[in-house]
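I have placed the structure first, in the form of structure tokens, so that the comments after it can refer back to it.
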Amino acid sequence: MKEVIVDTLTVVTKTGAVHETTNAVMQEVNHSLVSMGVDATWANKADNWIVLILIIGVALLSNVICRHIILRAVAKLVKRTKATWDDVVFDHKVMIHISRMVAPILIYIAIPIAFPEHAQSGLLDFLRRICLIYIIAVFLRFISVFLAAIYHVYSEREQFKDRPLKGLLQTAQVTIFFIGAIVIVSILINKSPTVLLTGLGASAAILMLVFRDTILGFVSGIQLSANNMLKVGDWISMPKYGADGTVIEVTLNTVKVRNWDNTITTIPPYLLVSDSFQNWQGMRESGGRRVKRSINIDMSSVRFCTPEMLAKYRKIQLLKDYIDKTEKVVELYNKEHHIDNSILVNGRRQTNLGVFRAYLNSYLKSLPTINQELTCMVRQLQPTETGIPLELYFFSAIKDWVPYEEVQADVFDHVLAIIPEFGLRVFQNPSGEDLRELRVKN
420 MKEVIVDTLT
430 VVTKTGAVHE
440 TTNAVMQEVN
450 HSLVSMGVDA
460 TWANKADNWI
470 VLILIIGVAL
480 LSNVICRHII
490 LRAVAKLVKR
500 TKATWDDVVF
510 DHKVMIHISR
520 MVAPILIYIA
530 IPIAFPEHAQ
540 SGLLDFLRRI
550 CLIYIIAVFL
560 RFISVFLAAI
570 YHVYSEREQF
580 KDRPLKGLLQ
590 TAQVTIFFIG
600 AIVIVSILIN
610 KSPTVLLTGL
620 GASAAILMLV
630 FRDTILGFVS
640 GIQLSANNML
650 KVGDWISMPK
660 YGADGTVIEV
670 TLNTVKVRNW
680 DNTITTIPPY
690 LLVSDSFQNW
700 QGMRESGGRR
710 VKRSINIDMS
720 SVRFCTPEML
730 AKYRKIQLLK
740 DYIDKTEKVV
750 ELYNKEHHID
760 NSILVNGRRQ
770 TNLGVFRAYL
780 NSYLKSLPTI
790 NQELTCMVRQ
800 LQPTETGIPL
810 ELYFFSAIKD
820 WVPYEEVQAD
830 VFDHVLAIIP
840 EFGLRVFQNP
850 SGEDLRELRV
860 KN
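Right, dumping it as structure tokens:
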């Protein structure tokens with residue numbers, strides 16, 4: 420970078436046209452001062468500073484013209500076009516930084532015009548190096564703003580929303596400023612950048628320690644993107660670090676998660692790669708959100724169905740076909756095996772819990788809010804001291820949090836209300852009211 424800029428400006432400075440202009444300008448200024456009555460000795464000293472002031476004035480005037488005339492004209496032309504690439508190239512912030520390079524470049528080129536007799540002096544060389552450093556700093560800022568403009572344009576496009584563009588932007592900016600810092604230091608000490616890079620190679624261990632988080636963040640960002648593990652808008656949960664919410668920003672060094680209580684959790688990207696986290700985006704993109712909840716049935720309320728109970732259950736619309744079909748199977752089995760129905764233990768019989776399970780299956784399959792293409796079942800779990808867990812396992816077609824909770828609550832409201840109709844009881848530890856009622860009865 421340093422060599423290219425210096426060589427370009429040096430070629431422009433050393434052209435014959437510039438030297439001819441230098442001699443002509445100096446002679447004209449000197450002649451004007453002498454004609455105004457200024458002593459020739461003082462005229463020879465003052466003409467250098469007058470030319471320098473004129474150069475600075477012309478440079479500043481050029482900067483004003485670029486910013487207030489040319490840039491406004493370009494902005495108007497860009498607004499008339501339908502293309503998007505020119506919105507990046509000719510963004511106002513980008514063009515402002517380009518215009519800031521005009522004045523220092525002109526001053527750098529024209530300084531030898533003001534001091535032609537000191538072209539090889541150390542002072543002039545130092546001034547030109549300071550000017551060159553300013554040019555490089557403005558150029559680096561221009562590149563940074565240009566990359567930021569590209570990021571803002573492409574981050575709004577749907578096909579790039581799942582890419583870690585901000586992390587890549589920050590990586591590019593860090594790299595550019597790191598290279599720029601080496602070039603600027605090399606200009607100050609008047610050494611080649613390769614000398615500094617050679618010295619930095621010996622300090623690689625220290626640099627790795629200083630930029631550890633940045634390097635790990637960059638590598639982790641690539642892994643997260645390549646494996647499609649995370650993007651802005653995903654709902655993730657990482658209880659170990661207190662994160663449970665929506666990803667709002669993915670940068671080079673941090674992943675910001677807005678939790679459901681509106682707090683913000685910041686996680687380094689490399690922790691998402693080295694540790695485990697749960698991404699709920701797959702659920703959102705699937706056909707439903709799972710409900711897996713059980714209720715405990717009091718085991719002492721489970722019994723065989725009597726003819727009266729079966730007659731009652733036949734009146735339930737969702738059970739009529741099931742009762743008739745199951746009764747035919749039971750009667751056929753008992754008849755073929757010559758079962759003595761006078762004893763309940765013999766043969767096959769329906770139970771109120773089995774009928775209740777069949778009702779719940781039919782009930783779940785009748786609900787429009789449940790995705791019938793995914794798993795839907797009612798099953799018994801291992802009995803415990805708190806009863807028989809009867810688990811409802813299904814997927815709600817509604818996946819947003821609040822409506823999903825309403826669907827789940829409506830189902831279990833109905834289940835709890837319908838249980839007594841089947842002669843069953845929900846197991847519940849005695850409460851204070853139960854103890855008071857027992858005391859009153861006694």
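Counted from 1, the sequence shown has number 444 at position 25 by my numbering; the numbering is strictly sequential. All residues carry an ideal CB built from backbone N, CA and C; glycine is no exception.
Could you give the distance in angstroms between the alpha-carbon of residue i and the alpha-carbon of residue j?
| i | j | result |
| --- | --- | --- |
| L763 | T788 | 40 angstroms |
| Q539 | R486 | Residue placement at Q539 cannot be trusted, given a pLDDT of 49 that sits under 50; what the coordinates show is reported in the next sentence. Roughly 34 angstroms between the two C-alpha positions. |
| Y573 | V513 | 16 angstroms |
| L729 | Q769 | 9 angstroms |
| Q900 | R560 | The chain is shown only over 420 to 861; residue 900 falls outside these bounds and no answer can be derived. |
| A828 | V845 | 17 angstroms |
| T613 | N672 | 29 angstroms |
| N609 | Q697 | 54 angstroms |
| E856 | Q847 | 15 angstroms |
| G773 | G706 | 29 angstroms |
| M648 | E852 | 52 angstroms |
| N681 | K675 | 12 angstroms |
| E668 | Q801 | 44 angstroms |
| H756 | V748 | 12 angstroms |
| E825 | H833 | 12 angstroms |
| T684 | S850 | 40 angstroms |
| F558 | G476 | 22 angstroms |
| L690 | N715 | 40 angstroms |
| D759 | I742 | 21 angstroms |
| N753 | L854 | 45 angstroms |
| T670 | T633 | 10 angstroms |
| I807 | Y732 | 22 angstroms |
| M657 | W679 | 13 angstroms |
| L635 | F831 | 47 angstroms |
| V721 | E727 | 16 angstroms |
| L786 | I686 | 41 angstroms |
| F597 | A662 | 33 angstroms |
| P531 | F565 | 32 angstroms |
So is residue i buried or exposed if we call it buried at 16+ other beta carbons inside 10 Å?
| i | result |
| --- | --- |
| Q736 | exposed |
| N646 | exposed |
| S639 | buried |
| I484 | exposed |
| M520 | buried |
| N765 | exposed |
| F723 | exposed |
| I528 | buried |
| A492 | exposed |
| G599 | buried |
| V821 | exposed |
| F545 | exposed |
Leaving out five residues on either side along the sequence, give the residues of the same chain with a beta carbon under 8 angstroms from the beta carbon of residue i.
| i | result |
| --- | --- |
| I603 | I552, I555, A556 |
| I562 | I595 |
| K784 | Q791, C795 |
| I606 | K421, R548, L551, I552, I555 |
| V797 | R776, L779, N780, L783, L809, E810, L811, Y812 |
| S481 | V521, A522, L525 |
| K659 | D694 |
Among the options, which residue has its Cα nearest to the Cα of residue i?
| i | options | result |
| --- | --- | --- |
| H571 | Q589, L559, F558 | Q589 |
| T745 | H757, N760, A777, K734 | A777 |
| A567 | S693, H516, T633, D743 | H516 |
| V710 | L793, I530, N678, G599 | L793 |
| P688 | L843, D717, K650 | K650 |
| R712 | L835, K659, W679, Y660 | L835 |
| I474 | K495, R858, I526 | I526 |
| F637 | G661, G652, Y660, V692 | V692 |
| S719 | P658, E804, K659, Q642 | E804 |
| L751 | R767, L479, K495 | R767 |
| E840 | Q642, K739, N771, F565 | N771 |
Name, in chain order, the residues that DSSP records as bridge partners for residue i.
| i | result |
| --- | --- |
| N698 | I655 |
| R709 | F814 |
| D663 | S656 |
| K675 | E668, T685 |
| Q791 | BP columns for Q791 are empty, so no partner. |
| R798 | E810 |
| N715 | P808 |
| T803 | G806 |
| F545 | The partner list for F545 (beta bridge, DSSP) is empty, contrary to what the question assumes. |
Spatial neighbours of residue i within its chain, please: CB distance less than 7 angstroms, with the 5 preceding and 5 following residues excluded, ordered by chain position.
| i | result |
| --- | --- |
| R708 | M702, F814, S815, K818, Y823 |
| K734 | none |
| S518 | N482, C485, R486, L490 |
| L479 | A522 |
Here's a check: name, in chain order, each residue in its chain whose Cβ is nearer than 6 angstroms to the Cβ of residue i, leaving out the five neighbours to either side.
| i | result |
| --- | --- |
| T665 | W654, R677 |
| W699 | W654 |
At a cut-off of 6 angstroms, is residue i close to the ligand HEM when judged by its beta-carbon and the heavy atoms of the ligand?
| i | result |
| --- | --- |
| R486 | No copy of the ligand HEM occurs in the structure displayed, which carries no ligand at all. |
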